[in-house]
């Protein structure tokens, strides 16, 4: 009997557009998952000085957050997800909109996944040691 | 008080930094700690544990309520500085200007050698007409630029720069180790020469 051996085919999600900087506000993914406008206390009669101040605040907050992500790299991180699911993995990276987390050695009840992508909508919180 | 945490805006989030808060999340769990920052893109809250050794990040979409604890307590200035510098570079700055000048000249020559236009500007170097700037102390992480390709190129150049033979340098984590450390053997020589001497000698014996 000549049995055809099944071949494992792994399809990875399509990566970002190689021609853009990776952040495309017109991309269907961004429109579907992110807000269509950035949060601000913007009203039509707001003066540019206040807008400027707000932008500075936003930049500062974002910079600190990015540094936090940087310091998380290659550390063991615990993810608390919905349905009381708690998993641990080595943090790799997050994408620019904080929609997905790339991790390695994800410990799940069915074994250790070498590489995984965790959706941020499934995560409630994550914690790590300094 | 907050009905929709994600739409509060950077002004509100900024006002919360350094405060000790209690956050209630979607799963009913409550997390307490000092606010390090709030990400304006995803409204995620970064908290430092009271013990000071654990960091919790609560994703913006799952924040139900944020309450400030100890509102009247004055900000401990030490705690404040700790929070601000929590994730920043902790490398000791090499402040000897002589070393910096020397390092700059060496890097300038190295980049020139690699046919990349570079010139001195202020305390640092400017590559390709301002596309990338290298600040003292001229490590790979001190490169600043908007163009990713050029930035990567300059960083590679710095990493592959030959070590300074005259200076007693500490191990810089950015520098690559020399690649051929383990290959001292002459590649022409067969490696297993003289190894197969352990042939069983007593096969003929009964």
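Residue numbers (my numbering), protein chains in the order written: chain A, 279 to 408; chain B, 3 to 208.
Here a beta-carbon is modelled for each residue, glycine too, at the ideal position from N, C-alpha and C.
**Test: residue 29/B CB closer than 7 Å to a CB of chain A** = Interface residue, yes.
**Request:** Pull up the distance between the alpha-carbon of residue 380/A and that of residue 397/A, whole angstroms please.
**Result:** Answer to the nearest angstrom: the Cα atoms are 9 Å apart.
**Asked** Would residue 388/A be called buried (16 or more neighbouring beta carbons within 10 Å of its own) or exposed?
**Response** Label assigned to residue 388/A: exposed.
**Item:** Positions along the region 373–397 of chain A whose CB lies within less than 9 Å of some CB in chain B
**Value:** Cβ contacts with chain B come from 374, 375, 376, 377.
**Request:** Kindly list the residues whose CB is nearer than 6 Å to the CB of residue 22/B, restricted to its own chain and excluding five residues on each side of it in sequence; keep chain order.
**Result:** Setting aside the 5 residues that flank it on each side, residue 22/B is surrounded in the same chain by 36, 71, 72, each with a C-beta closer than 6 Å to its C-beta; the list follows chain order.
**Asked** Curious, which full-length alpha helix (DSSP H) runs of at least 4 residues does the region 94–142 of chain B contain?
**Response** Taken in chain order, the whole alpha helix (DSSP H) runs of length 4 or more contained in the region 94–142 of chain B are 99–115.
**Asked** Could you give the distance in angstroms between the alpha-carbon of residue 48/B and the alpha-carbon of residue 55/B?
**Response** Taken atom to atom, the span from the alpha-carbon of residue 48/B to that of residue 55/B is near 13 Å.
**Asked** Tell me the DSSP bridge mates of residue 406/A?
**Response** Looking at the DSSP assignment, residue 406/A forms a beta bridge with 355/A, 57/B.
**Message:** Less than 7 Å between CB atoms is the rule here; does residue 40/B satisfy it with respect to chain A?
**Reply:** Under the Cβ distance rule, residue 40/B counts among the residues neighbouring chain A, one pair being separated by less than 7 Å.
**Message:** For chain A, check one thing: does any of its Cβ atoms lie closer than 7 Å to the Cβ of residue 61/B?
**Reply:** In terms of beta-carbon proximity, residue 61/B lines the interface with chain A, with at least one pair separated by less than 7 Å.
**Asked** What is the rounded straight-line gap between the Cα of residue 385/A and the Cα of residue 360/A?
**Response** Answer to the nearest angstrom: the Cα atoms are 16 Å apart.
**Asked** With burial defined as no fewer than 16 other Cβ atoms inside 10 Å of the residue's Cβ, what is the status of residue 163/B: buried or exposed?
**Response** Counting Cβ neighbours within 10 Å, residue 163/B comes out buried, since at least 16 surround it.
**Message:** Less than 7 Å between the beta carbons of residue 12/B and residue 336/A, yes or no?
**Reply:** Yes, the Cβ-Cβ distance between residue 12/B and residue 336/A is below 7 Å.
**Item:** Pairwise C-alpha distance: residue 369/A and residue 143/B
**Value:** Distance between the alpha carbons of residue 143/B and residue 369/A: 21 Å.
**Message:** According to DSSP, simplified to helix, strand and coil, what is residue 39/B?
**Reply:** Note: residue 39/B maps to strand in three-state DSSP.
**Prompt:** Helix or strand or just coil, what does DSSP make of residue 157/B?
**Reply:** Looking at residue 157/B - three-state DSSP - the assignment turns out to be helix.
**Asked** By DSSP, does residue 68/B sit in helix, in strand, or in coil?
**Response** In this structure, residue 68/B counts as strand in the three-state DSSP scheme.
**Prompt:** Which value, in whole angstroms, describes the spacing of the CA atoms of residue 59/B and residue 40/B?
**Reply:** Answer to the nearest angstrom: the Cα atoms are 9 Å apart.
**residue 87/B in three-state terms, based on DSSP** = In the structure shown, residue 87/B sits in coil (DSSP, three-state: anything other than H, G, I, E or B).
**Prompt:** Using the beta-carbon of each residue, which ones in chain A are nearer than 8 Å to residue 56/B?
**Reply:** The contacting residues are 405, 406, 407, 408.
**Asked** Would DSSP call residue 177/B helix, strand or coil?
**Response** Summary for residue 177/B: the model assigns pLDDT 48, below 50, so the residue's position carries little reliability; its value from the coordinates is reported in the next sentence. Coil, per DSSP.
**Asked** Comparing alpha-carbon positions, which option in 123/B, 33/B, 133/B, 57/B lies nearest residue 147/B?
**Response** Nearest of 123/B, 33/B, 133/B, 57/B to residue 147/B, Cα basis: 133/B.
**Rounded straight-line distance, which links the Cα of residue 406/A to that of residue 353/A** = So the two alpha carbons sit approximately 7 Å from each other.
**Request:** Report the three-state DSSP secondary structure of residue 45/B (helix, strand or coil).
**Result:** It is coil, neither helix nor strand.
**Asked** By how many angstroms is the C-alpha of residue 331/A removed from the C-alpha of residue 182/B?
**Response** Model confidence at residue 182/B stands at a pLDDT of 46, short of 50, so the residue's coordinates are unreliable; what they give is reported in the following sentence. The alpha-carbon atoms of residue 182/B and residue 331/A are separated by roughly 53 Å.
**Proximity of residue 348/A and residue 372/A at Cβ, strictly below 7 Å** = No, the pair does not count as a contact, with Cβ atoms beyond the cut-off.
**Request:** For chain C, find out if any of its Cβ atoms is closer than 7 Å to the Cβ of residue 119/B; answer yes or no.
**Result:** Included in the structure are the protein chains A and B, with no chain C among them.
**Message:** Looking at chain B, is there any beta carbon in it that lies within less than 7 Å of the beta carbon of residue 356/A?
**Reply:** By this cut-off, residue 356/A is not an interface position.
**Request:** Take residue 394/A and list the residues in its own chain whose beta-carbon comes closer than 6 Å to its own, dropping the five residues that flank it on each side.
**Result:** The residues are 381, 384.
**Prompt:** Is the Cβ of residue 401/A closer than 7 Å to any Cβ of chain B?
**Reply:** Chain B contact via Cβ: present.
**Request:** Using only alpha-carbon positions, find the residue among 45/B, 27/B, 24/B that is nearest to residue 14/B.
**Result:** Among 45/B, 27/B, 24/B, the Cα nearest to that of residue 14/B belongs to 45/B.
**Request:** Between the Cα of residue 125/B and those of 85/B, 31/B, 101/B, spot the shortest distance and give me the residue it belongs to.
**Result:** The shortest C-alpha separation from residue 125/B is found at 101/B.
**Prompt:** So which residues of chain A does residue 24/B contact, with C-beta pairs closer than 8 Å?
**Reply:** Per Cβ cutoff of 8 Å: no residues; residue 24/B is ~13 Å from chain A at best.
**Prompt:** If you drop the 5 nearest sequence neighbours on each side, which residues of the same chain put their C-beta closer than 8 Å to that of residue 116/B?
**Reply:** Contacts found: 159.
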